[in-house]
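Report on one structure; see the data block that follows.
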Amino acid sequence: MFTMGEDMMKQWAQNWEKLMGDHLEKLVHDEKFISGMSKSIAATMTGKAFYSKALDEQMAAMNLPSRTEIIKILQKLTDIEERMIDLSERFEDYVDAQQKKPAAQTAPKTAPVAEKPIPAAPAKEAKAKKQKK
């Protein structure tokens, strides 16, 4: 029932595609068009650089981090995370190796050293002497 409408739409789409393809093909080979597009893209990039600089200055004035600073922070956090993962893996390997050793190898080879009393801090001694006088 609607096949005639579908056929018409397909035909229209194909005609439009061919017409636009031919037109764009001519534009791509036109030196004036290419030159104008290059100037337009350059102007857009200049405007973007100006906008980015102004935005960074505004963010700094409000004491907020810029996009570049946030990216640097994220990179440092990623490095720290990688180090933590590496250290935890190394620690797990160390613990596994210690658990696999026989008990004779893990026992200390020397007798434990007796702990020495911790001397009082000089400030406390001076304060105690003043109180006695």
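Letter 123 of the sequence shown, counting from 1, is numbered 115 in the numbering used here, and no numbers are missing.
Where is the CB? At the ideal position from N, CA and C, for every residue including glycine.
Assumed close pair residue i, residue j - CB separation to whole angstroms, cut-off 8 Å
i	j	result
S58	A52	7 Å
Secondary structure of residue i, DSSP reduced to three states
i	result
L128	Beyond the ends of the chain as shown, which are -7 and 125, falls residue 128; an answer cannot be given.
N7	helix
D22	coil
S30	helix
L56	coil
K92	helix
7 Å Cβ cutoff, residue i in contact with chain D
i	result
Q50	This model lacks chain D altogether, as it is built from one protein chain only.
8 Å Cβ shell around residue i - same chain, five flanking residues per side excluded
i	result
A5	none
Same chain, Cβ closer than 6 Å to residue i, neighbours up to 5 away in sequence not counted
i	result
D48	S58
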